[in-house]
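Visitor:
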Amino acid sequence: MHRWWDRYGFQATVTVAVISIAWLLRQSQTAVLTEAYYFLVSPFQSKQQLILEDRLSNARILELEQQVIELEQENRQFKQLINSDTTKKSSQIIAPIIGRSIQGWWNQVTLGKGSKDGIQPGFIVSGIGGVVGRVIQVTPHTSRVALISDPDSRIGAIVSRNRQLGFIQGKDSQTLVMRFFTKVTDLKPGDAIATSNLSNLYPPGLPIGKVKSVNFDTSSVPEAEVELTAPIDVLEWVVVDPFKPKINLSP
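Every position in the sequence shown, counted from 1, becomes a number in this note's numbering once 6 is added.
In structure tokens form, the structure reads like this:
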């Protein structure tokens with residue numbers, strides 16, 4: 007052992023020392039490189055974080071601005087409805103439209119008031135400009151309304167100027183078609199159309215719309231295209247009037 011140490015001791019000591027120094031240098035270099043990495047990258051990370059926060063702040067501001075615009079529009083329509091001739095009776099109920107199907111946009115809407123608020127099936131629903139439909143189903147807090155723009159809807163109607171009678175049918179749009187019971191010749195664009203006494207589901211005299219065009223070339227009686235005076239496609243608030251239909255609506 008003594009002989010081995012004399013021969014290899016110094017070499018072994020130097021080797022251990024070199025390995026130890028190399029290990030220490032490697033650790034030091036790793037720490038230095040790590041610190042250098044964070045020193046170089048962190049400013050860019052902070053900048054990206056600031057950009058992200060700025061985008062989120064701008065998005066939130068835009069969202070709040072849009073909410074303000076939306077509330078202003080709803081308030082304007084609500085005030086128009088309150089100040090219109092549609093709302094003149096104490097028994098009327100003002101209700102918001104809270105539901106509408108994309109597939110049945112012109113067929114039905116759901117109101118945010120129901121039987122707890124006094125609404126019953128058969129009640130008449132009007133918007134700014136005229137009648138829009140009738141209540142067909144109620145829950146304690148909601149009501150389902152069948153719109154007059156539904157193709158399945160048929161309403162007895164009258165030309166206010168000359169008292170010519172016919173019926174209105176929906177067309178899934180802001181325009182309806184009016185078919186007459188007799189050969190009418192005195193009819194022109196702009197004539198006002200209202201509900202008639204022949205309607206079982208609506209009271210007479212409710213404004214429906216105005217004649218947009220007339221087709222006198224049909225085989226039997228003329229047809230008139232009638233544009234609704236109430237903007238059914240963009241309504242947000244309506245007025246519900248009590249009414250008892252002439253026919254029994256119960257199933």
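A virtual CB, placed ideally from N, CA and C, is assigned to each residue, including glycine.
Since valine 220 sits in a beta bridge, which residues does DSSP pair it with?
Guide: Indexing the sequence shown from 1 puts residue 220 at position 214. Ala230.
Visitor: Should the stretch 123 to 133 be regarded as contacting the stretch 141 to 152, the criterion being three or more beta carbon pairs within less than 8 Å?
Guide: Counting Cβ pairs under 8 Å, three or more are found: they touch.
Visitor: Helix, strand or coil for isoleucine 142, going by three-state DSSP, please let me know.
Guide: Locating residue 142 in the sequence shown gives position 136, counting from the first residue. Correct three-state label for isoleucine 142: strand.
Visitor: How about valine 137 and threonine 181: do their beta carbons lie closer than 8 Å?
Guide: Taking the first residue of the sequence shown as position 1, residue 137 is located at position 131. Taking the first residue of the sequence shown as position 1, residue 181 is located at position 175. Cβ distance not < 8 Å, so valine 137 and threonine 181 don't count as in contact.
Visitor: According to DSSP, simplified to helix, strand and coil, what is glutamine 33?
Guide: Residue mapping note: residue 33 aligns to position 27 of the sequence shown, counting from 1. Because the pLDDT at glutamine 33 is just 48, under 50, the model does not fix this residue reliably, and the value given afterwards should be weighed accordingly. If DSSP states are grouped into helix, strand and coil, glutamine 33 belongs with the helices.
Visitor: Can you tell me which of the three DSSP states alanine 28 falls into?
Guide: Within the sequence shown, numbered from 1, the residue matching residue 28 stands at position 22. Legend: pLDDT at alanine 28 = 46, less than 50; position of this residue unreliable, value from coordinates given subsequently. Here alanine 28 sits in helix by DSSP.
Visitor: Considering only residues of the same chain and omitting the five flanking positions on each side of asparagine 113, which have a CB-CB separation below 7 Å?
Guide: As a first step, residue 113 is located in the sequence shown; it is residue number 107 there, counting from the start. Excluding positions up to five away in sequence, the list reads Leu153, Asp156.
Visitor: Kindly list the residues whose CB is nearer than 8 Å to the CB of isoleucine 103, restricted to its own chain and excluding five residues on each side of it in sequence; keep chain order.
Guide: If you number the sequence shown from 1, residue 103 lands on position 97. Cβ within range, chain order: Val115, Thr116, Leu117, Gly118, Leu241, Glu242, Trp243, Val244.
Visitor: Please report how far the alpha carbon of serine 219 lies from the alpha carbon of lysine 122, in whole angstroms.
Guide: Here residue 219 refers to the residue found at position 213 of the sequence shown. Here residue 122 refers to the residue found at position 116 of the sequence shown. Going from the Cα of serine 219 to the Cα of lysine 122 covers about 43 Å.
Visitor: Since arginine 167 is in the beta strand (DSSP E), which residue starts that stretch and which ends it?
Guide: If you number the sequence shown from 1, residue 167 lands on position 161. Per DSSP, arginine 167 belongs to no beta strand (DSSP E) and is neither H nor E.
Visitor: Identify whether aspartate 158 lies in helix, strand or coil by the three-state DSSP scheme.
Guide: For the purposes of this step, residue 158 is taken as the residue at position 152 of the sequence shown. If DSSP states are grouped into helix, strand and coil, aspartate 158 belongs with coil.
Visitor: Nearest CA to the CA of proline 228: which residue from Lys216, Thr188, Pro195, Ile199?
Guide: Indexing the sequence shown from 1 puts residue 228 at position 222. Of Lys216, Thr188, Pro195, Ile199, the residue nearest in Cα terms is Thr188.
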